[in-house]
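Asks: If you scroll down you'll find the structure; I have some questions about it.
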Amino acid sequence: MSNETIAKRYADALFQLGQEKALLEALTQELKVVKKAFQDNKDLYTFLMHPRISNAKKQQFLQDVFQQAHKEVVNILNLLVQRHRIELLPAIIDHFIRLVNDAKGIAAATVYSVRALSEEECRQLESSFAKRFNKQAIELTNIVEPSLIGGMKIRVGNTIYDGSVSGKLKRIERNIVTANK
Numbered sequence: 001m002s003n004e005t006i007a008k009r010y011a012d013a014l015f016q017l018g019q020e021k022a023l024l025e026a027l028t029q030e031l032k033v034v035k036k037a038f039q040d041n042k043d044l045y046t047f048l049m050h051p052r053i054s055n056a057k058k059q060q061f062l063q064d065v066f067q068q069a070h071k072e073v074v075n076i077l078n079l080l081v082q083r084h085r086i087e088l089l090p091a092i093i094d095h096f097i098r099l100v101n102d103a104k105g106i107a108a109a110t111v112y113s114v115r116a117l118s119e120e121e122c123r124q125l126e127s128s129f130a131k132r133f134n135k136q137a138i139e140l141t142n143i144v145e146p147s148l149i150g151g152m153k154i155r156v157g158n159t160i161y162d163g164s165v166s167g168k169l170k171r172i173e174r175n176i177v178t179a180n181k
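Here it is in structure tokens:
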């Protein structure tokens, strides 16, 4: 079984548990914090993946570090340590957040632009893409990418809208190459 499939199963189970206990919003926020902690501190992964450190020490460490978190968050971390699957944590959290957003009618989008977008620009993009995708809302993440030259590229799920200058230049180049064949 692939790691992606395994991560989805953990996320599905956590999502169902969160629904039953009406903790989806709290779990989402806490899991985002956990993900950021793991991204910001690579030594955390190294420690939890180290084969010479006992699972009991790893679990005690997680209990101490995440003592303010809900029991469900600590339990999933402990379960992943026990089963030697802690490397799946980012994929589990991403899938869990996707499930929560789907349940709330929210789509996640990434906007690549040459400069950081203003709040007003983000609101306009959110509203127009929410209508286009028939969602309650769009949750935008703005990534500054100077290589676009100008314009922007928007990714919602598996769909990419490329309105960047570099994207237009590539399309023009492709058209010229195919016309000369």
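In full-length UniProt numbering, the protein residues as written are 1 to 181.
A virtual CB, placed ideally from N, CA and C, is assigned to each residue, including glycine.
It should be emphasised that the depicted structure is a prediction, and the values quoted were computed from it without experimental measurement.
Of the choices 89, 18, 61, whose alpha-carbon is the least far from that of residue 33?
Replies: Here the closest residue by C-alpha is 89.
Asks: If contacts are defined as beta-carbon pairs under 8 Å, then residue 91 and residue 30 qualify, I think. What distance do you get, rounded to the angstrom?
Replies: At roughly 17 Å, the Cβ-Cβ gap does not stay under 8 Å, so residue 91 and residue 30 are not in contact.
Asks: Go through its chain and collect everything with a Cβ distance to residue 138's Cβ below 6 Å, but skip five positions before and after it.
Replies: 107, 109, 126, 129, 130
Asks: To the nearest angstrom, report how far apart residue 58 and residue 93 are at their CA atoms.
Replies: C-alpha separation (whole angstroms): 20 Å.
Asks: Could you pull out every residue in the same chain whose Cβ sits closer than 8 Å to the Cβ of residue 38, ignoring the five residues on either side in sequence?
Replies: 44, 45, 89, 90
Asks: What residue does the alpha helix (DSSP H) around residue 77 start on, and which one ends it?
Replies: 71 to 82
Asks: Under the three-state reduction of DSSP, which class applies to residue 143: helix, strand or coil?
Replies: Residue state, collapsed to three classes: strand.
Asks: Classify residue 1 as buried or exposed, calling it buried when 16 or more other Cβ atoms lie within 10 Å of its own Cβ.
Replies: exposed
Asks: For the alpha helix (DSSP H) that contains residue 109, what are its first and last residues?
Replies: Residue 109 -> not in any alpha helix (DSSP H); beta strand (DSSP E) instead, spanning 106 to 113.
Asks: Near residue 144, which residues of its chain fall below 6 Å by C-beta distance, leaving aside the five closest residues on each side in sequence?
Replies: 116
Asks: Would you please state the rounded distance, in angstroms, between the beta carbons of residue 152 and residue 112? I believe it to be under 8 Å.
Replies: 6 Å
Asks: Note down, in chain order, each residue of its chain lying with its Cβ closer than 6 Å to the Cβ of residue 51, except the 5 sequence neighbours on either side.
Replies: Excluding positions up to five away in sequence, the list is empty.
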